[in-house]
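For reference, the structure discussed in these notes is given below.
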Amino acid sequence: MLDFSKYLEEKYPQRALLPAEPQLKALNLQKYLEQKVGPQESLLFALEKGFNALEKLLKDINGKYATGDEVYMADVFMAPQIAAAMQRFKIDMVNESLNA
Numbered sequence: 001m002l003d004f005s006k007y008l009e010e011k012y013p014q015r016a017l018l019p020a021e022p023q024l025k026a027l028n029l030q031k032y033l034e035q036k037v038g039p040q041e042s043l044l045f046a047l048e049k050g051f052n053a054l055e056k057l058l059k060d061i062n063g064k065y066a067t068g069d070e071v072y073m074a075d076v077f078m079a080p081q082i083a084a085a086m087q088r089f090k091i092d093m094v095n096e097s098l099n100a
């Protein structure tokens, strides 16, 4: 998206997408980067925090699943969330403890 914005800026200079003043231009780019780069980092922090909380909840559970030896609602709701996180953030759960 940033490359496309730069292209438009160069192709159509009569209507600027960024201010001419360097300080204001930097602030605009900083806000863009915070929105595009920052959320990913905060997601990773939240993910780690969530897995730590989940691990605390599961530490006293004896069994193969979240609430014991049978699959219940907690497993049905958690499994896709964990699978999506594993895929999106390339997490190898084999090496994670999570009550293993």
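The opening residue of the sequence shown carries number 1 in UniProt numbering; numbering runs sequentially from there.
Ideal placement from N, C-alpha and C gives every residue a C-beta, glycine not left out.
_Straight-line Cα distance separating Val-76 from Ile-82_ = Looking up residue 82 in the sequence shown gives position 82. Looking up residue 76 in the sequence shown gives position 76. If you take the alpha carbons of Ile-82 and Val-76, they lie about 11 Å apart.
*Which two residues bound the contiguous alpha helix (DSSP H) that contains Pro-80?*
The count along the sequence shown starts at 1 and reaches residue 80 at position 80. Per DSSP, Pro-80 belongs to the alpha helix (DSSP H) from 73 to 89.
*Quick one: residues in its chain with C-beta nearer than 7 Å to the C-beta of Ala-85, no 5 flanking neighbours on either side, listed in chain order?*
On the sequence shown, residue 85 is found 85 positions in, with the first residue counted as 1. Result list for Ala-85: Leu-47, Ile-91, in chain order.
*Is DSSP giving Gly-63 helix, strand or coil here?*
The residue given as residue 63 occupies position 63 in the sequence shown. The answer is coil: DSSP assigns Gly-63 none of H, G, I, E or B.
*Can you tell me the Cα-Cα spacing of Ala-74 and Pro-80, whole angstroms?*
Along the sequence shown, read from residue 1 onward, the residue named residue 74 stands at position 74. Along the sequence shown, read from residue 1 onward, the residue named residue 80 stands at position 80. Those two C-alpha atoms are separated by around 11 Å.
*Candidates Tyr-7, Gly-50, Asp-3, Glu-10, of which the one nearest Leu-33 by Cα*: Counting from 1 along the sequence shown, the entry for residue 33 is found at position 33. Here the closest residue by C-alpha is Asp-3.
*Can you tell me the Cα-Cα spacing of Asn-28 and Leu-18, whole angstroms?*
For this step, residue 28 is matched to residue 28 along the sequence shown. For this step, residue 18 is matched to residue 18 along the sequence shown. Looking at the two C-alpha atoms, the distance is approximately 7 Å.
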